[in-house]
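K.L.:
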Amino acid sequence: MATTTMMRTSFPVVLPQTYQIQSCWRRLPPSPFVTKLSRARLSSASHASYLETGHIDLKENEGLLFISNISPPKLQWLLEGPLHASRSYEEALKRIDRPHLAASDPLRIIRHVFPHELEAEIKEVVPRFREGGAFVKYIRNEGTKDTDIETAVKNHLEKHPIRPWFNPFQRVKVARVLGRPWVEDLYRIPSPRLRVEFLPGSANDLANHPTTESLYSLFRSYGKLRNIEQQPSDSKILPRYAYVEFARPKFAITAKNCMHGFTILEQEGGGKYGTRLKINYERKIKLSMIKDWILSHPKIVIPAVAALIAAITVAIFDPIRTFFIKMKIKSTLQIEENNTLGWIRKQVSKANIIGLSVVASDPRGLTAIWEDRQGDISQLRSWLTENVETFIIIHGPRGSGKRELVLNQALKNYRYKVVIDCKQIQDARGDTAKIARAASQVGYQPVFSWMNSISSFIDLAAQGMIGTKAGFSETLDAQLSNIWQSTAIALKGVTLDNRKKNDKDAHLTDEEYLEAHPELRPVVVIDNFLHNAAEDNVVYDKITEWAAGLTSTNVAHVIFLTTDISFAKPLSKALPNSVFRTISLGDCSLEVGRRFVLNHLTGDAGTEDKPPRSKECLEGLDRCIEMLGGRVTDLEFMAHRIEAGETPNGAVNRIIEQSASEILKMFILSTNAEAQWSHEQVWHLIKTLANSREGSLPYSQVLLSDLFKENGEAALQALEQAELISVVSTNGCPETVKPGKPVYRAVFKKLIENKTLCCRLDLEILSQLIRKENKTIGKCEEELRLLGSLPKQPRELTPRIQWLLQKVQNSQDKISGYETESAFLQTMLRS
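Under the UniProt record's numbering, residues 1 to 831 are what the sequence shown spells out, in order.
1) Give the range of the alpha helix (DSSP H) segment to which Leu-769 is assigned.
2) Please report the residue range of the beta strand (DSSP E) in which Asp-421 lies.
3) What are the uninterrupted segments assigned as alpha helix (DSSP H) that are 4 or more residues long and contained completely in the region 136-180, given in chain order?
4) Going by DSSP, which residues form a beta bridge with Ile-581?
5) What is the rounded straight-line gap between the Cα of Leu-277 and the Cα of Leu-308?
6) Out of Gly-401, Thr-582, Lys-501 and Ala-368, point me to the one whose CA is closest to Trp-383's CA.
7) Enumerate in chain order the residues of its own chain whose CB-to-CB distance from Ala-242 is below 7 Å, with the five nearest sequence positions on each side excluded.
8) Quick check on this structure: which residue in Glu-119, Pro-576, Val-743 and Thr-798 has the alpha carbon closest to the alpha carbon of Thr-544?
9) Ordered along the chain, which non-local residues of its own chain (more than five positions away) have a Cβ less than 6 Å from that of Lys-807?
10) Is the distance from the Cβ of His-557 to the Cβ of Val-523 below 7 Å?
11) Along the chain, where does the alpha helix (DSSP H) that runs through Asp-748 open and close?
12) When you compare the CB positions of Pro-303 and Thr-385, do they come within less than 7 Å of one another, or not?
13) What whole-angstrom Cβ distance do Leu-194 and Lys-256 have, given they're in contact under 8 Å?
14) Any idea what DSSP makes of Arg-128, helix, strand or coil?
15) Thinking just about the alpha-carbon of each residue, which of Arg-623, Asp-564, Ile-189 and Phe-567 is nearest to the one in Leu-590?
16) For Arg-800, which residues from the same chain have a beta carbon less than 8 Å from its beta carbon, with the 5 sequence-adjacent residues on both sides left out?
17) Report the CB separation of residue 834 from Ile-394 in whole angstroms; it is logged as a contact under 8 Å.
18) Can you give me the Cβ contacts of Thr-776 inside the same chain, cut-off strictly under 6 Å, excluding the 5 residues immediately before and after it?
19) Count the other CB atoms, across all protein chains shown, that sit within 10 Å of the CB of Met-289; report buried if there are 16 or more and exposed otherwise.
20) Going straight from the alpha carbon of residue 832 to that of Glu-268, what length do you get?
21) Kindly indicate which residue of Asn-482, Asp-427 and Asp-510 has the alpha-carbon position closest to the one of Asn-528.
22) Please report how far the alpha carbon of Gln-441 lies from the alpha carbon of Leu-550, in whole angstroms.
23) Let me check understanding here. Comparing Cα to Cα, which of Thr-254, Val-494, Pro-73 and Asn-155 lies closest to Leu-64?
24) One question on the structure: do Glu-245 and Arg-226 come within less than 7 Å of each other, judged by their Cβ atoms?
25) Quick one: measure Cβ to Cβ for Gly-223 and Phe-251, integer angstroms, because I've assumed they're closer than 8 Å.
26) Taking the beta carbon of Ile-815 as the centre, do at least 16 other beta carbons fall within 10 Å, making it buried, or is it exposed?
27) How would you call Trp-484, buried or exposed, if buried means at least 16 neighbouring beta carbons within 10 angstroms?
28) Just the C-alpha distance for Lys-501 and Tyr-513, rounded to the nearest angstrom, thanks.
29) Measure the alpha-carbon distance for Ala-823 versus Lys-542 and round it to whole angstroms.
30) Who are the Cβ neighbours of Glu-783 in its own chain at under 8 Å, not counting the five residues just before and after it?
31) Give me the Cα-Cα distance between Arg-499 and Pro-698, rounded to the nearest whole angstrom.
32) Around the C-beta of Val-670, are 16 or more other C-beta atoms found within 10 angstroms, so that it is buried, or is it exposed?
33) Measuring only the C-alpha atoms, how far is Arg-521 from Val-539?
34) Does the Cβ of Asp-57 have 16 or more other Cβ atoms within 10 Å, making it buried, or fewer, making it exposed?
35) Run through the DSSP bridge pairs and tell me what Ala-410 is partnered with.
36) Hey, quick one: how far does the alpha helix (DSSP H) through Ile-489 stretch, first residue to last?
As structure tokens, this is what we get:
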């Protein structure tokens, strides 16, 4: 056995510039191969030739082998970074060298590839790091063939397999290079699919197109083939080509490096001068193909991108928004549940601190009104403890104290409540502002309402390109649905957060727990419901739908505060099979109104800036309260004016003048074309109600008036909605028509005292009545003309003709009376 010696070996490597692999000390037995490998050198001239031509030149006694799987091709990105230099790459390989586990250095791998007894001199090694292999150029002895060297190396690897460090499950393979490989440093990623082009062997000849069988026999030796795809026969692309697809990329790498530049001879089907193969990697899925597919299918891609963005938004922002809604719902408890702050507030309410007077607990003097409405407050509180899936509606005119009754009295000590003011949402201009208002009321944030405008432009562009909207922008309907849905989740979470594991009903599910504890549910108060409502209103449709879901799933109690008498119609759509719990708030009695004003005045009396009122200053207070009625806002306004120094009569006169100006502006002098009433109808009601002794009119009597025969009920309903009048119903049937406010009776009397206004509006009524009677006469005359054109007059038509003549006479008599009255009014106006 030969003695072991220490040997230092180096040989040149080219890719893309020539370098020599650094010396690697390793104990190896002496062999001819090692000796010859240690003497392998290349001149600088030969190095330059590789860089210029990209080809490895071979002499008659030289051969070329390709060794695959000696470096990791997946780490080719290292060549683009600080390890671009091959020397640094080799140094990195040495650091992870584990000879006893796997080969890690290309030099050591090559030493193991070639058997020691091989009679050949290794002249040069050209590594191909992008492809994970290397070319080995050798000089063979006389009488030795390339096939013999290839066979010896393959037999050696069969007996002594080499497994690389980066993939110990694969082996190093060797193949003889048959063509003329192209040594390039272009950025070309290996793939299992090869594009094989067929070039002519001579400029005066045409290349033959090899058959599929010929290609199979040429490439099958390098690995398992998956498919061979020939160029279409009708294709005019030159040069002709074929696609050869291998089962694995490493097979394609070996085939490409060994067969590139190979010439198919004539006897093998290559033509007279042969056919040369040009091989390139073909990406199975090109980036350009993906780009082309995306651009050519916008109807699929754009909606998919919109859906992806929406899904990401929901996954990220919805939990954040739900958290902020919970914080807003619980914000009212942060002070109430603080024992220290609660104790300080109680002490302040009992005595003065540092000589400062304490503000009264009821600065508005509403105690008298709440005492009168204790029955309604108790009823509302009892409904909140019942497990009934229905709405609670508090109905009453403006100024009747609905909001104060619910929030300050019935829900004063309630734990969780959410107030949604529909007036703020409806008065906002544009969908973006409505979304922002709705979100701010429940604490829904972050909300990107401004993104809706930008997304609308994107949708508009997409609609012009693909014919349909892409769905980037969400409509007001969708945005409100998201806001209310997140609020419902937060409301349910607030209730269930207080649930403990050791409760007696801990075994119940969440739904059963909510159903069993109606007293723990939050309360949602929807104020100004149906304010400025249209026929098809998205805001109210979504609110009622959401409120119905809250009550049906036992998540929360819902209370509607409204002045609209037609609240049952939209709410019945949401809960069609439920009977609503309704509390109607009217004007308070005169005795309660008097107590309210006195409490309001005495509450602030005794201070330096507001001395107590004397009896002379309150003279006529009872008569003024009787004139104002029991409307809380009017009584409070009068109390404020008295505090400012006015007498009760002066305060009432100011209220009457202000209300008269509002009525003239809104109902008589208005030019609103969308109004469902006419000026003549409004003035008729004002005049008749002012002259009525009872202060009201029978509902049927109003409808029998000539001015209300066409659209009487619709006009009365619209005027009631505008709060000019109020309709009193008995058992659901309209019975009487009254002024919308008690003070309106005095306002109506003041309006008819204006003779000029009264004469002018009476003239307009007479003109309308005259036009109506003339229209009636015209219709009767047209029918009489038609009957008179008959050749014979049947006796059966005689009653009809007499009725038409009598109708014409009655209308003419009315016109004569109207003309006489109109002439008198014109005379008065001239005087």
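All residues carry an ideal CB built from backbone N, CA and C; glycine is no exception. Values in this document were obtained by computation on a predicted structure and should not be read as measured data.
P.N.:
Once the coordinates are examined:
1) Its alpha helix (DSSP H) spans residues 755-788.
2) If you look at Asp-421, you'll find it in the beta strand (DSSP E) that goes 417-421.
3) 146-159
4) According to the sequence shown, residue 581 is Arg rather than Ile. According to DSSP, which records beta bridges pairwise, Arg-581 is partnered with Ile-392.
5) 47 Å
6) Closest in C-alpha terms to Trp-383, from the list Gly-401, Thr-582, Lys-501 and Ala-368, comes Thr-582.
7) Here the set comprises Val-196, Leu-215, Ile-228, Glu-229, Gln-230 and Gln-231.
8) Pro-576
9) Cys-780
10) yes
11) It should be noted that the sequence gives Phe, not Asp, for residue 748. Here the alpha helix (DSSP H) through Phe-748 covers 743-752.
12) Going by C-beta atoms, Pro-303 is not nearer than 7 Å to Thr-385.
13) 6 Å
14) strand
15) Arg-623
16) For Arg-800, where only same-chain residues beyond five positions count, the Cβ hits under 8 Å are Leu-787.
17) The requested residue 834 does not occur in the structure, where the chain is confined to residues 1 to 831.
18) Ser-811
19) exposed
20) Coverage of the chain is limited to positions 1 through 831, which leaves residue 832 absent and any answer about it impossible.
21) For Asn-528, the nearest C-alpha among the options comes from Asp-427.
22) 17 Å
23) Thr-254
24) yes
25) 3 Å
26) buried
27) buried
28) 12 Å
29) 56 Å
30) Around Glu-783: Leu-804.
31) The C-alpha of Pro-698 is placed about 57 Å away from the C-alpha of Arg-499.
32) A quick correction: the sequence has Ser, not Val, at residue 670. Answer is exposed; the Cβ neighbour count stays below 16.
33) 24 Å
34) exposed
35) Ala-410 is not bridged to any residue.
36) 476-497
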